[in-house]
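Just so you know, the sequences run in chain order L and F.
Just so we're aligned: the first sequence equals residues 907 to 1257 in my numbering.
Just so we're aligned: the second sequence equals residues 907 to 1257 in my numbering.
I have placed the structure first, in the form of structure tokens, so that the comments after it can refer back to it.
2 protein chains.
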Amino acid sequence: MVKEKIRDKNERKQAVLEHIIDTYVRTAVPVSSKMVSELMGTNLSSATIRNIMAELEEEGYITQPHTSAGRIPTSTGYRKYVDRIKADVHIERKRAEKLEKEYISRIRTIKNVIEKTSFLISRELHNAGIVMWPSVSDFYLRQIEFIKVRAETILAILVTMTNDVRNYMIKLDKDLESAELRKIANFINTNYEGQAFSQAFTGIKNLVEKRSADSEEITGIADSVLEIIDSIMDETIENDVYWDGFNFFAEEPEFQNINTTRKVIQLFSNREYLTALMKKELPKKDLNIYIGKENLSDMLEDCSVVTCGYNMRGRTVGRIGVVGPTRMDYGLAISTVQFLSEVVGTKLDEI
Amino acid sequence: MVKEKIRDKNERKQAVLEHIIDTYVRTAVPVSSKMVSELMGTNLSSATIRNIMAELEEEGYITQPHTSAGRIPTSTGYRKYVDRIKADVHIERKRAEKLEKEYISRIRTIKNVIEKTSFLISRELHNAGIVMWPSVSDFYLRQIEFIKVRAETILAILVTMTNDVRNYMIKLDKDLESAELRKIANFINTNYEGQAFSQAFTGIKNLVEKRSADSEEITGIADSVLEIIDSIMDETIENDVYWDGFNFFAEEPEFQNINTTRKVIQLFSNREYLTALMKKELPKKDLNIYIGKENLSDMLEDCSVVTCGYNMRGRTVGRIGVVGPTRMDYGLAISTVQFLSEVVGTKLDEI
DNA sequence: TTTAGCACTCGAGCATAATGAGTGCTAAAT
DNA sequence: ATTTAGCACTCATTATGCTCGAGTGCTAAA
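See the structure below:
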């Protein structure tokens, strides 16, 4: 019986926290006990709510900007809220269908998917949408070609199964003839089409290093092949980040604060940080959420970042996400990012 | 004699305007008559200066934020100032040498030049540096290759004399064999290496359309060649814009004003506008300056834009410039942009 | 034509007070 | 034991009035 009561109480407390967060997210104004009391269907007076709110403040979930103001959630408060809702957040069928339809036209390359997705995230959530490309080494090889640009310099062109194209200028120790280059390209194209670049490259390296019989066509120039492959592998390991909708920040009331503004601009002026942030979480497919001060960088201390990995052929190869002020509709953000990460996965597999 | 006096007077008036502008640009604080009187070496009292300032205000060159404040320049004021100084602004030898030295290392491609230049502009002027790429059709052909990606789809790869690479996916009406593609590439490479792409392409079109004897190698597939050339020409006509140092805006006092801030963010969130702005001025090599309200767009009404064309092999093919608040050191901006546009020209010709 | 001198204007800074939203605490009610 | 009515208290916000001083415009004298 005692246990029962405690659970009741905790649930009520939780409900209060949720109401505070929901309305604060909507209005950007500190929430009063009276407000919460009205929102809770149960007829609890504001005085009771005040007691509960005092406890919530004690526990660090909410805080007062000043004595005679209502409460606003802390990072910890948002965290508790998010941890509670994240498991059972689901996108509405209608929204899901509407979003999926946006991918119908002109989605032929990964680039198309990346751009469309960051656009959709920013439009739907009114915040900056960010998308990390798969590393080129995770793409699938359709074709590789080498062009001799001048003595000892070649241009390697990688065409992926998704029709994205990458090129790398490579300086070699030894000069190669166009015919030799064609031989190498031919060897790779016939034996490795459809494989991931990383896989293809390690495959080639193994074969060449072992001087395997399968690679007799290129035995004479084995060293150069290894040199080429190594150079390309160096370049293809990077994950680029693309974003859109930074301007939505300017519309948020948080933007009144010059200091916050400066930090956000700083953030979006230096590519590296956002890239590092997403890269760190890359291997996992899971949803990941950093709220306010949970972010290690000052630049992000007034922001939250919600990201989720996406798969290509069953492997997690990139992440998509949203960056916005801490006062963010986490439910919507989670459901949208999570859903779109699935869509990105399917689209990538479809093309 | 009368004429002589009037010139004296006008010159004095001009000097007052210049002092107001110089100090306002430095301090961002309205300039008082006392201040100006001290700055002018001549011993004119503040009362006299006040009379002159009243005239300047009458004529629309300066304005008062409020009755008991000093004066700040208007767009017209800046304009008059700029028109007066722009002819005899020259960069100091030392600065010029220092800037030129920055281009020593790792400048091998146009991309390197573009990125270095926008970085230098933003660093030197503490404002956003913008650089418009030459259109690909103005690049010089080192090599062109075609890769057959699948039936009726080919990838065209353009390598420029500066080692920049562009690729375009082209859908054809008719299928072509790899051998045929190689023939076309070969034809172009042997006959047009070193020429500007635009020139090469029109040359090819003429030849092929006339069924000239010089093009007998490719007569069988003339239609396809024309189709390919047309597709590429469509794509290569664009001028991309690159920028850097947007974050410097956040440090200017103008940034305290949320409204200005919003507009500036809007501006940098939509690529098209800046591109259009520079494109419009492209054909001319001249320095171009838009001050405050002279800009047609609201987004730029608190900003000024200083741009200058740069040449490649004697033709103006792109522009570089700076975007900053109206309160900008125009002298420095003009000399830097002008000088760097020359440097860009030489560097492009060198690589 | 210049300038000293002075009245005038107006923003900035500061103190004071009223208002009211919202709280915390206590004592009574359930 | 829990809830709540009631009330004192706090403090941001707004308004008001005040002084200070920077800067002006104008006038009359130099």
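Note that CB positions come from ideal geometry on N, CA and C, so glycine has one too.
Mind pulling the chain L residues with CB within less than 9 Å of F:I1164? Going along chain L in sequence order, the residues near F:I1164 (Cβ under 9 Å) are A1156, F1161, Q1162, I1164 and T1167.
For a test of the three-state rule: what should DSSP assign to F:G1237, helix, strand or coil? Of the three classes helix, strand and coil, the one that applies to F:G1237 here is helix, per DSSP.
Name the one or two DSSP bridge partners that L:Y1196 has. L:Y1196 is bridged to L:V1211.
Please state whether DSSP places F:V1065 in a helix, a strand or coil. DSSP places F:V1065 in strand when its eight states are reduced to three.
List, in order along the chain, the chain F residues whose C-beta lies closer than 7 Å to that of L:M1075? The contacting residues are N1069.
Using 8 Å for Cβ pairs, my map puts L:L1078 next to L:F1052. What's the rounded Cβ distance? With a beta-carbon spacing of about 10 Å, L:L1078 and L:F1052 fall beyond the 8 Å limit used to define contacts.
Would you mind sorting L:I1010 into buried or exposed? The rule is 16 or more other CB atoms within 10 Å of its CB. Exposed is the label assigned to L:I1010, since fewer than 16 other Cβ atoms lie within 10 Å of its Cβ.
Find the residues of chain F that neighbour L:V1065, judging by a C-beta separation of less than 8 Å, and give them in chain order. Simply I1053, V1055 and L1061.
List the whole-angstrom C-beta distance separating L:I1016 from L:L1173, where the pair is believed to meet the contact cut-off of C-beta under 8 Å. With 8 Å as the limit, L:I1016 and L:L1173 do not qualify as a contact, their Cβ atoms being about 25 Å apart.
With a threshold of 7 Å between beta carbons, is L:N1153 in contact with chain F? Yes, because at least one Cβ of chain F sits closer than 7 Å to the Cβ of L:N1153.
CA nearest to the CA of L:L1031, picked from L:L1246, L:A953 and L:V1055: For L:L1031, the closest of L:L1246, L:A953 and L:V1055 by C-alpha to C-alpha distance is L:L1246.
Can we say the region 1133-1149 of chain F touches the region 1159-1179 of chain L, given the rule of at least three CB pairs closer than 8 Å? They do not touch, by the three-pair rule.
How should L:E1158 be labelled, buried or exposed, when 16 other C-beta atoms within 10 angstroms of its C-beta is the threshold for buried? By the 10 Å Cβ count, L:E1158 comes out buried.
Own chain residues within Cβ distance below 7 Å of F:L962, not counting five before or after: Setting aside the 5 residues that flank it on each side, F:L962 is surrounded in the same chain by K919, V922, L923 and I968, each with a C-beta closer than 7 Å to its C-beta; the list follows chain order.
Inter-residue Cα distance where the pair is L:M907 and L:K1186: Legend: pLDDT at L:M907 = 39, less than 50; position of this residue unreliable, value from coordinates given subsequently. Cα to Cα, L:M907 sits roughly 47 Å from L:K1186.
Residue interval of the alpha helix (DSSP H) (run including L:F1025): Bounds of the alpha helix (DSSP H) holding L:F1025 are I1016 to L1031.
Short check: CB of F:V1065 to CB of F:I1090, under 7 Å? Taking 7 Å as the Cβ cut-off, F:V1065 and F:I1090 do not qualify as a contacting pair.
Give the interface partners of F:S1175 over in chain L, defined as CB-CB distance under 7 Å, in chain order. Those within 7 Å of F:S1175 in chain L are F1152 and N1153.
Are the C-beta atoms of F:I1171 and some chain L residue less than 7 Å apart? Yes, F:I1171 counts as interfacial toward chain L.
Proximity to F:I1127 [Cα-Cα], best of F:F1093, F:M959 and F:Y1196: Its Cα nearest to that of F:I1127, the residue F:F1093 stands out among F:F1093, F:M959 and F:Y1196.
Cβ-Cβ distance between L:V1019 and L:I1013 below 7 Å: Contact flag set, yes.
Is it buried or exposed for F:S951, if we count other Cβ within 10 angstroms and need 16 for buried? Label assigned to F:S951: exposed.
Is F:T1232 near F:D1208, with beta carbons less than 7 Å apart? Going by C-beta atoms, F:T1232 is nearer than 7 Å to F:D1208.
Inter-stretch contact (C-beta, 8 Å, three-pair minimum) for the region 1095-1102 of chain L and the region 1105-1116 of chain F: Segments in contact, no.
Tell me L:K1054's beta-bridge partners as DSSP assigns them. DSSP output for L:K1054 lists L:I1060 as bridge partner(s).
Quick one: which residues of the region 1037-1048 of chain L get their C-beta closer than 9 Å to a C-beta of chain F? List them in chain order. Residues passing the 9 Å Cβ filter: R1048.
Quick one: Cα of F:M1218 to Cα of L:L1061, how far? Each residue's alpha carbon lies about 24 Å from the other.
Buried versus exposed call for F:T1252 [16 or more other C-beta atoms within 10 Å across all chains shown]: Result: exposed.
Expressed to the nearest angstrom, what Euclidean distance is found between the alpha-carbon atoms of L:A1085 and F:L1082? Counting only the Cα atoms, F:L1082 lies some 21 Å from L:A1085.
Report yes or no: do the region 928-936 of chain L and the region 969-977 of chain L share at least 3 C-beta pairs separated by less than 8 Å? Touching, yes.
Can you give me the C-alpha to C-alpha distance between F:K1080 and F:E1133, rounded to a whole angstrom? Those two C-alpha atoms are separated by around 10 Å.
Which of helix, strand or coil DSSP assigns to L:M946: In the three-state reduction of the DSSP assignment, L:M946 falls in the coil class, being assigned neither a helical nor a strand state.
Let me know if F:V1249 comes out buried or exposed under the rule of 16 or more other beta-carbons within 10 Å of its beta-carbon. Counting Cβ neighbours within 10 Å, F:V1249 comes out buried, since at least 16 surround it.
Along the chain, where does the beta strand (DSSP E) containing L:K1077 start, and where does it finish? Unbroken beta strand (DSSP E) run through L:K1077: V1071 to K1077.
Simplified DSSP assignment, three categories, for F:N1112: F:N1112 carries a helical assignment under DSSP once its states are collapsed to helix, strand and coil.
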